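Have a look at the structure below before the remarks.
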Amino acid sequence: RDRMLYRQVNSDPPLYSNMGITQFKLTYFNALGNAIPLTSLISNAASHSPLGIITMQIDLTVENTAAYGDLTDTDKDVYSKDRSAFWRQIRLAAPSLNNR
Numbered sequence: 002r003d004r005m006l007y008r009q010v011n012s013d014p015p016l017y018s019n020m021g022i023t024q025f026k027l028t029y030f031n032a033l034g035n036a037i038p039l040t041s042l043i044s045n046a047a048s049h050s051p052l053g054i055i056t057m058q059i060d061l062t063v064e065n066t067a068a069y070g071d072l073t074d075t076d077k078d079v080y081s082k083d084r085s086a087f088w089r090q091i092r093l094a095a096p097s098l099n100n101r
């Protein structure tokens, strides 16, 4: 269920790390605050048109890569594979996006 996180710079081979990321989602918004569908972003990028992205939302879920055991009523200290942390940054905006 974990997904590898890859980072590639130019033509260097991709580097990966298992950081326990089980969900990573980006949502893009236009100037009116409406979500921009991914299909629209892809078609605009292919035609070299402006994408219209003003803000974005980042959703990330992380779980322990060394999870073990199952949580029972008698032992609440055992780390369960079902425990996770969810982080969301809503409407992350870069000031330079409004200077175009």
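For the sequence shown, our numbering begins at 2 and goes up steadily by one. For every residue, glycine included, the Cβ atom is placed at its ideal position computed from N, Cα and C. Everything numeric in this text was worked out from a predicted model, so none of it was measured.
With distances taken from CA atoms, which of GLN24, ASN65, SER41 and ASN19 is nearest ILE54? Your numbering for residue 54 matches position 53 in the sequence shown. Cα-wise, what sits closest to ILE54 is SER41.
How should PHE30 be labelled, buried or exposed, when 16 other C-beta atoms within 10 angstroms of its C-beta is the threshold for buried? As a working note, residue 30 is residue 29 in the sequence shown. The residue is buried, with at least 16 neighbouring Cβ atoms inside 10 Å.
Could you tell me which residues DSSP puts in a beta bridge with ASP60? For the purposes of this step, residue 60 is taken as the residue at position 59 of the sequence shown. LYS26 and ARG89, per the DSSP bridge assignment.
Whose C-beta lies closer than 8 Å to the C-beta of ALA36 among residues of the same chain, with five residues either side of it excluded? As a working note, residue 36 is residue 35 in the sequence shown. Same-chain partners within the cutoff: THR28, TYR29 and PHE30.
I'd like to check one pair, LEU39 with ILE22: are the Cβ atoms closer than 8 Å? Residue mapping note: residue 22 aligns to position 21 of the sequence shown, counting from 1. Residue mapping note: residue 39 aligns to position 38 of the sequence shown, counting from 1. Cβ atoms of ILE22 and LEU39: not closer than 8 Å.
Cβ distance (whole Å) where THR62 is taken to contact SER85 below 8 Å: Numbered from its first residue, the sequence shown carries residue 62 at position 61. Numbered from its first residue, the sequence shown carries residue 85 at position 84. Confirmed, Cβ separation roughly 5 Å.
Thinking ILE59 and GLN90 are a contact (beta carbons under 8 Å), I'd like their distance in whole angstroms, please. For the purposes of this step, residue 59 is identified with residue 58 of the sequence shown, where counting begins at 1. For the purposes of this step, residue 90 is identified with residue 89 of the sequence shown, where counting begins at 1. Right, their Cβ atoms sit about 5 Å apart.
Distance between THR66 and ARG101 (C-alpha atoms, nearest Å): The residue you call residue 101 lines up with position 100 of the sequence shown. The residue you call residue 66 lines up with position 65 of the sequence shown. Unreliable placement is indicated for ARG101, whose pLDDT of 49 sits below 50; the coordinate value is still reported in the next sentence. Those two C-alpha atoms are separated by around 42 Å.
To the nearest angstrom, how far is it from the Cα of ASN19 to the Cα of LYS26? Numbered from 1 along the sequence shown, position 18 holds the residue referred to as residue 19. Numbered from 1 along the sequence shown, position 25 holds the residue referred to as residue 26. The alpha-carbon atoms of ASN19 and LYS26 are separated by roughly 17 Å.
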